[in-house]
Amino acid sequence: MKQKGYTLIELMMVVAIIGVLAAVAIPLYQNYILKTRVTVLYSALAAGKTGFEEALSNGVTPTAADIGLASVAQCRVLTVDAAGIRCEIQGLGSAVDGKTLALERAVATGAWSCRSNVPVFYMPATCEYGDF
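Note that UniProt numbering has the sequence shown beginning at 1, numbered continuously upward.
Below, the structure written as structure tokens:
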């Protein structure tokens with residue numbers, strides 16, 4: 001008599017293999033999503049640099065509203081002053097919530113730099129780690 005279909009042991013092995021793969025893949029995917037969210041936030045803040053420079057050239061100390069960043073939902077506290085743009089992160093994920101992402105402008109040269117205390121794994125490539 002020929003066997004048709006799969007035995008219970010074979011099906012259990014397939015389920016176990018899928019479980020192991022999911023246990024590895026799901027956390028990696030969640031980390032990838034969080035890193036992407038931080039990078040998107042960085043891009044949103046970087047979009048304000050043009051308005052920031054324009055306000056400075058007009059002799060005005062920039063504000064969040066002046067540079068188009070009045071409604072960045074991922075920032076618990078958004079600070080815009082002569083030194084740059086600083087965001088205290090909220091709502092992205094427990095690994096980065098409460099951390100700070102800052103775009104800082106050198107007064108002498110006008111060069112921009114990014115500094116953050118977000119864990120390095122989640123940080124955009126153009127940012128450096130720094131405490132606040």
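Glycine is no exception: its CB is placed at the ideal position from the N, C-alpha and C atoms.
As the structure is a prediction and not an experimental result, all values here were calculated from the model.
Between the alpha carbons of E128 and P62 lies a distance of about 24 Å.
Separation of T109 and F121 (C-alpha to C-alpha, rounded to the nearest whole angstrom) is 30 Å. Of all alpha-carbon atoms in Q3, S113, R105 and T100, the one lying nearest the alpha-carbon of P119 is that of T100. Note that the C-beta distance between V80 and L69 is below 8 Å. Across the set K4, Y32 and C87, the C-alpha of C87 shows the shortest separation from the C-alpha of A44. The C-beta distance from A95 to L41 rounds to 14 Å, too long to meet the 8 Å contact threshold.
Nearest neighbour of A73 by Cα position, chosen from G19, R37 and I18, turns out to be R37.
As computed with DSSP, R115 is found in a beta bridge with A102 and E128. Cβ-Cβ distances below 6 Å link C75 to C87 in the same chain, with the five nearest sequence neighbours on each side left out; the list follows chain order. In this structure E104 is in contact with G84, their Cβ atoms being roughly 4 Å apart against a cut-off of 8 Å. Where V40 is concerned, the enclosing alpha helix (DSSP H) starts and stops at L8 to A46. With contacts defined as CB atoms closer than 8 Å, G98 and S116 fail to qualify as a contacting pair. Here the alpha carbon of S57 sits roughly 16 Å from the alpha carbon of A64.
Residue state for L78 is assigned as strand, using DSSP reduced to three classes.
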